[in-house]
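Just so it is clear: in the sequence shown, position 39 is 39 by the working numbering, and no numbers are missing.
Glycine included, every Cβ here is placed at the ideal spot set by N, Cα and C.
Just so you know, these numbers come straight off a predicted model, no measurement behind them.
Taking it in order: structure first as structure tokens, then the write-up.
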Amino acid sequence: MPVPVNCPCGTGSPYEMCCGMYHNNPGTAPTAEILMRSRYTAFAIGDFDYIAVTQKIKETPDQSSADIKDSNENTQWIKLEINETEEGLEKDKAGVVAFSAHFKEGKHIGRLSERSIFKKVKGQWLYISGEHEIQKNTPLINSEAMKTGRNDPCLCGSGKKFKKCCAVN
């Protein structure tokens, strides 16, 4: 899996100083929002083992990293936006993070909007469930922080130039 220079979660920090440190030490994310950002980044770079160990979903308790990979390998995650957080701080036992994640599948783009529920179990934040909506063929709205030149590395972390990756229509 390619390791991006800048973290895909949108903080603007280097990957190794941001979500990379949680990927290297699963179970150490101090808040629900940080866990959510690190899970998004794991999806973006294909670290499906991290996704599997940071969730405890009632409906699919035995979901493996291979299962997660199978359902996500054709999705390219482009941009994350945090819309709202409720609780989920270091002292809390539960939290909710509402977010929008822009993606590309083939030549189609879309947006996943989700309200994710997290619980702290034995001192570790875990993704429990979420209510989501998928909108297809949505416009990708770039913020000032996301301005990318055609010859810059793509924001998705693919290692390709932007013009040869997400900028392709």
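Exposure label - residue i; buried when at least 16 CB within 10 Å
i	result
residue 135	exposed
residue 79	buried
residue 71	exposed
residue 108	exposed
residue 73	exposed
Beta-carbon proximity check, residue i vs residue j, cutoff 9 Å
i	j	result
residue 124	residue 104	no
residue 115	residue 98	yes
residue 90	residue 26	no
residue 106	residue 33	no
Span separating the alpha-carbon of residue i from that of residue j
i	j	result
residue 161	residue 81	23 Å
residue 100	residue 36	11 Å
residue 15	residue 83	22 Å
residue 40	residue 127	12 Å
Own chain, CB closer than 6 Å to residue i, minus 5 neighbours either side, in chain order
i	result
residue 86	96
residue 18	7 and 11
Residues of its chain near residue i, where Cβ-Cβ distance is below 7 Å and the 5 sequence neighbours each way are ignored
i	result
residue 23	38, 42, 47 and 50
beta-carbon residue i near the ligand PLP non-hydrogen atom, thresh 8 Å
i	result
residue 117	Absence of the ligand PLP is noted for the structure shown, with no ligands found whatsoever.
Threshold first: 3 residues or longer. Then list the beta strand (DSSP E) segments lying entirely within the stretch 43-89, N to C.
Unbroken beta strand (DSSP E) runs of no fewer than 3 residues, entirely contained in the stretch 43-89, are found at 76-87, following chain order.
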